[in-house]
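Undergrad: Heads up, the sequence shown is in UniProt numbering, so the first residue is 1 and it goes up one at a time. First the structure, then my questions, so here it is.
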Amino acid sequence: MDFLVIGGTGLVGSNVVTATTDEHTVQWTSRNSKSEGHELDKTERDRTTELISKLNPDVVVDTAAFHAVDDCEHSRAKAYDVNGTGTRNVAIAADDVDAHLIYFSTDYVFAGLPEETPYKESDYVAPINYYAETKYVGEQAAKIAAKHTILRPSVIYGLSSDNFVTWALGELDAGNEITIVNDQISAPTYAPDLAQACLDIAEQEITGLYHATGPESCSRYEFTVRLAEVYDYDTDLVKPITTEEFGQEAPRPSDSTLDSTALYEQLTEEFTPPKQAFSEMAPQISSD
Numbered sequence: 001m002d003f004l005v006i007g008g009t010g011l012v013g014s015n016v017v018t019a020t021t022d023e024h025t026v027q028w029t030s031r032n033s034k035s036e037g038h039e040l041d042k043t044e045r046d047r048t049t050e051l052i053s054k055l056n057p058d059v060v061v062d063t064a065a066f067h068a069v070d071d072c073e074h075s076r077a078k079a080y081d082v083n084g085t086g087t088r089n090v091a092i093a094a095d096d097v098d099a100h101l102i103y104f105s106t107d108y109v110f111a112g113l114p115e116e117t118p119y120k121e122s123d124y125v126a127p128i129n130y131y132a133e134t135k136y137v138g139e140q141a142a143k144i145a146a147k148h149t150i151l152r153p154s155v156i157y158g159l160s161s162d163n164f165v166t167w168a169l170g171e172l173d174a175g176n177e178i179t180i181v182n183d184q185i186s187a188p189t190y191a192p193d194l195a196q197a198c199l200d201i202a203e204q205e206i207t208g209l210y211h212a213t214g215p216e217s218c219s220r221y222e223f224t225v226r227l228a229e230v231y232d233y234d235t236d237l238v239k240p241i242t243t244e245e246f247g248q249e250a251p252r253p254s255d256s257t258l259d260s261t262a263l264y265e266q267l268t269e270e271f272t273p274p275k276q277a278f279s280e281m282a283p284q285i286s287s288d
C-alpha cells in the first residue's frame with residue numbers, strides 16, 4: 001500500500017511516516033524545499049494535482065494546516081486558503097487517482113458547552129473561532145473524495161515536532177513557572193496513536209467521520225501537572241489561570257471533550273491516556 005503524507009514533517013505527519021512498515025511505501029511533502037520529501041504548498045492547485053497524479057498513491061493523509069488558532073482570527077484569507085481551499089485541492093487530486101483521503105479536523109468545531117459533552121459525531125457543529133470554521137470547511141471539502149475519512153483529534157502531542165508538550169517540558173526543565181488555563185477541557189490525543197490509526201483505517205478501508213481523541217478528559221492545567229509529575233518536575237511551577245485572565249485572542253470551547261467510541265470499536269487498541277503516553281516518551285527524551 002502506497003502512502004502520501006501531505007505535511008510529512010509536522011507532528012502528525014512525521015509520526016505517520018515513522019509508523020509505516022515494510023508492507024507500505026511512504027512518501028511525503030513539505031513546504032520546505034530543503035526537506036527530503038516533495039516540496040508542496042497545497043494551496044497551489046495545479047502543483048497539487050500534478051504531484052498526486054505522478055505519485056499515484058493508494059492513500060493520501062492530509063495533515064497540512066494553518067493551526068495557529070489566534071493568528072487565524074486576523075489572517076483569515078490565509079486560514080481559509082490553507083484549511084479550506086488547500087484541502088479541496090488535495091481532495092480533488094486524491095479522488096482523481098481513486099486514493100483514500102484521510103483528513104484531520106479538530107474538536108474545536110463544537111461550541112464546547114459542558115452540558116453537551118462528550119460530543120458524538122452526529123452532534124450539531126457550531127464553531128466559535130475562525131480556525132474551527134475553516135477546518136469545518138475542510139471537512140466538507142474532504143468529502144469530494146469518494147473514499148474519505150475525516151478524523152477530529154484534540155490537543156495533539158508527542159515529541160517529533162514542536163507542540164504544547166515540548167514547550168512545557170522545555171520551560172519546566174529550565175525551572176520556569178508556566179501559567180496554564182484550568183477551564184479549557186478536552187481529551188488530548190497522542191500523535192503516535194493517531195498515526196497508527198491512519199494505518200488501520202487505510203488497511204481496513206474505514207471511511208466516514210470519526211472522533212479521534214484520547215480516552216481521558218482533563219483541563220490543560222491538569223494535563224500539564226500530570227506531565228510535570230511523570231518527569232519529576234516541581235508541580236508548583238505549573239500555575240492555574242482562567243481563560244478570561246489569560247486573554248487569548250480567539251475564543252475557545254470551555255469543554256470540547258469528544259466521544260471516540262465509534263473509532264475505538266474499529267481499531268485493535270484504544271488510544272493511550274496521558275500519563276502512560278508521557279512514560280512512553282521518557283526513554284526517547286533520555287536518549288536525546
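Heads up, the beta-carbon is just placed ideally off N, CA and C, and yes, glycines get one too. Note that the coordinates shown come from a computational prediction; the quantities given were computed from them, not determined experimentally.
Give me the Cα-Cα distance between C72 and L172, rounded to the nearest whole angstrom.
TA: So the alpha carbons of these two residues sit roughly 28 Å apart.
Undergrad: Spell out a yes or no on whether the stretch 190-209 and the stretch 157-177 are touching, meaning 3 or more CB-CB pairs, one atom from each, closer than 8 Å.
TA: The stretch 190-209 vs the stretch 157-177: in contact.
Undergrad: Taking only runs that begin and end inside the stretch 155-234, name each unbroken beta strand (DSSP E) of 3 or more residues, in chain order.
TA: Correct list: 178-181, 208-211.
Undergrad: Alpha carbon to alpha carbon, how far is F246 from P274? Give it in angstroms, no decimals.
TA: When rounded, the distance between both Cα atoms is 24 Å.
Undergrad: Suppose contacts are defined by Cβ-Cβ distances below 8 Å. Is L101 in contact with A94 by that definition?
TA: Against a cut-off of 8 Å, the Cβ pair of A94 and L101 comes out as a contact.
Undergrad: Determine the burial state of Y119: buried for a count of at least 16 other Cβ atoms within 10 Å of its Cβ, exposed for fewer.
TA: When all chains shown are included, Y119 counts as buried.
Undergrad: Which parts of the stretch 36-122 are runs of the beta strand (DSSP E), unbroken and 3 residues or longer, counting only runs that do not cross its ends?
TA: For the stretch 36-122, whole beta strand (DSSP E) runs of length 3 or above, ordered along the chain, are 59-62, 100-104.
Undergrad: Name the one or two DSSP bridge partners that L263 has.
TA: The partner list for L263 (beta bridge, DSSP) is empty, contrary to what the question assumes.
Undergrad: If you reduce the DSSP assignment to three classes, tell me which class F271 lands in.
TA: It is coil, neither helix nor strand.
Undergrad: Output yes or no for whether 8 Å exceeds the beta carbon distance between R45 and E39.
TA: It is not a contact, given that the beta carbons lie outside the stated cut-off.
Undergrad: If you measure between the beta carbons of residue 299 and G84, is that distance less than 8 Å?
TA: Since the first residue shown for the chain is 1 and the last is 288, residue 299 is missing from the structure and cannot be characterised.
Undergrad: Please determine, among T166, P188, D183, the residue with the shortest C-alpha to C-alpha distance to A228.
TA: With distances taken between Cα atoms, A228 lies closest to T166.
Undergrad: For the candidate residues H74, L209, G13, whose alpha-carbon lies nearest to that of Y264?
TA: Measuring from the Cα of Y264, the nearest candidate turns out to be L209.
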